[in-house]
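> Going by our numbering, the residue at position 34 of the sequence shown is 35; the numbering climbs one at a time, nothing skipped. Note that CB positions come from ideal geometry on N, CA and C, so glycine has one too. This structure is a prediction, so every number in the text was calculated from the model and none was measured.
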Amino acid sequence: MSSYWKIRLLCAVLVAVALVGCHATKPLRRDQDDFRQALLEMETNQIFNNLVRAKRGLPIIHVDYDRISGVVTQTGNAQIGGSYTDIVGGAVTRVLSPSVSGKQDNQLGVTGNPVRDKPEVYVSYLQYLALGDGLVFTTFAPPPGSAHLCTETCDGFYWVPTHRTGDFFKLSMDVMGLRGKLLASPPYFEITLKGVSKVEPGVRVLMQNEKLPLGTQHEMIVELSEPLARNDSGTAAVSIDGFIVPVLFSAAPGIAIGEKTSKLKIDYTYGNDMDSGEIPITPQKFIDGLRGQTVKFYASRFQPEPPKQDVLLGQIRDELNALRFETIRQGNDQGR
Numbered sequence: 002m003s004s005y006w007k008i009r010l011l012c013a014v015l016v017a018v019a020l021v022g023c024h025a026t027k028p029l030r031r032d033q034d035d036f037r038q039a040l041l042e043m044e045t046n047q048i049f050n051n052l053v054r055a056k057r058g059l060p061i062i063h064v065d066y067d068r069i070s071g072v073v074t075q076t077g078n079a080q081i082g083g084s085y086t087d088i089v090g091g092a093v094t095r096v097l098s099p100s101v102s103g104k105q106d107n108q109l110g111v112t113g114n115p116v117r118d119k120p121e122v123y124v125s126y127l128q129y130l131a132l133g134d135g136l137v138f139t140t141f142a143p144p145p146g147s148a149h150l151c152t153e154t155c156d157g158f159y160w161v162p163t164h165r166t167g168d169f170f171k172l173s174m175d176v177m178g179l180r181g182k183l184l185a186s187p188p189y190f191e192i193t194l195k196g197v198s199k200v201e202p203g204v205r206v207l208m209q210n211e212k213l214p215l216g217t218q219h220e221m222i223v224e225l226s227e228p229l230a231r232n233d234s235g236t237a238a239v240s241i242d243g244f245i246v247p248v249l250f251s252a253a254p255g256i257a258i259g260e261k262t263s264k265l266k267i268d269y270t271y272g273n274d275m276d277s278g279e280i281p282i283t284p285q286k287f288i289d290g291l292r293g294q295t296v297k298f299y300a301s302r303f304q305p306e307p308p309k310q311d312v313l314l315g316q317i318r319d320e321l322n323a324l325r326f327e328t329i330r331q332g333n334d335q336g337r
């Protein structure tokens, strides 16, 4: 074969490789995007299915999809077909036809491993179900717009209400990546202020146009609707008369620090410097505004104890029993 046709064949091979190579990246990236979307759907379905199984009292298993790999295999071919004859003294040429072909295979794979050594993953499921209305069961489809996720089973519909969307997202983050402490507790106590039972000195009724002097002080004993597990000083933000007021609490007198208490003390000082603990609300308005408020109490020394696992399991059992009774009741209603 002459040098001319050798050069043409070499060029054809180079073109074949170039054509295949320049199209390799985009299809693989597109395939990975599609696969990532499919992987997210797999995770969503897995979490939702585990919730449904747990709600029905069936065992669950969480699988970690921990490795995604992509492989691109490229092949390129170039050839010249036909015949060529070179006769000295009188050339006879028959045109040869070059052909170029290329092939690319994209392969994506995922590796899944059952989670068996991270109990906090399964505790996250239990904590979500302990919300009570995190997963709802009905024998009929949920009303339009009321379900974040929904699936139909042989006995009815299981669905996540839209107002639990944030809780479901938190569950997803907990079981997929944020695997922190087992049975973690919030950094505050949630308390409801029943009202002020004692004020010293007593609150004086102001005369008309009389202004309360800045720096006026009162010691107030606040009763709690439910006992606080630890008697301690701390802070809480209360909303009164349009103000968000940071309030400094002291430990209840006569009760040892760390003991259970049903009251706390507030050292009230009237003034505008809230950074130093002053309260820009008159005593009577302050007392009236405290009544019935539920606040987050950040204690100085203690944090709430994490919920016991058997307590969570007990709540799940109660939910299962309630679900069974509701199923029976709905069946009776339909049979009438």
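Could you say which of K286, D156, S226 and I267 lies nearest to E327 if we only look at CA atoms?
D156
> Return the first residue and the last residue of the alpha helix (DSSP H) that P284 is part of.
P284 to L291
> May I have a chain-ordered list of the beta strand (DSSP E) segments no shorter than 3 residues that lie completely inside the region 158-243?
You should have 158-162, 190-201, 218-229 and 235-241.
> A238 and V296 look like a contact to me (Cβ under 8 Å); what is the Cβ gap, rounded to whole Å?
7 Å
> Based on the DSSP output, what are the partners of N114 in its beta bridges?
D65
> Tell me the rounded alpha-carbon separation between D118 and P144.
39 Å
> On the premise that G216 lies in contact with G278, defined as a C-beta separation below 8 Å, what is that separation, rounded to the nearest angstrom?
Between G278 and G216, the beta carbon gap of about 12 Å keeps them out of contact (Cβ cut-off 8 Å).
> Check this for me: beta carbons of H63 and V111, under 8 Å apart or not?
no
> Tell me, please, which residues DSSP counts as bridged to Y271.
DSSP links Y271 through a beta bridge to I280.
> Going straight from the alpha carbon of L179 to that of R205, what length do you get?
Their backbone Cα atoms lie some 54 Å apart in a straight line.
> For the putative contact between I61 and V176, defined by C-beta atoms under 8 Å, what is the C-beta separation to the nearest angstrom?
About 11 Å; that fails the 8 Å criterion.
> Give the straight-line distance between the Cα atoms of R302 and L249, rounded to the nearest whole angstrom.
14 Å
> Could you check the C-alpha separation between E42 and A323 for me, to the nearest Å?
31 Å
> Identify which residue in I256, P305 and P120 has its Cα closest to the Cα of A230.
P305
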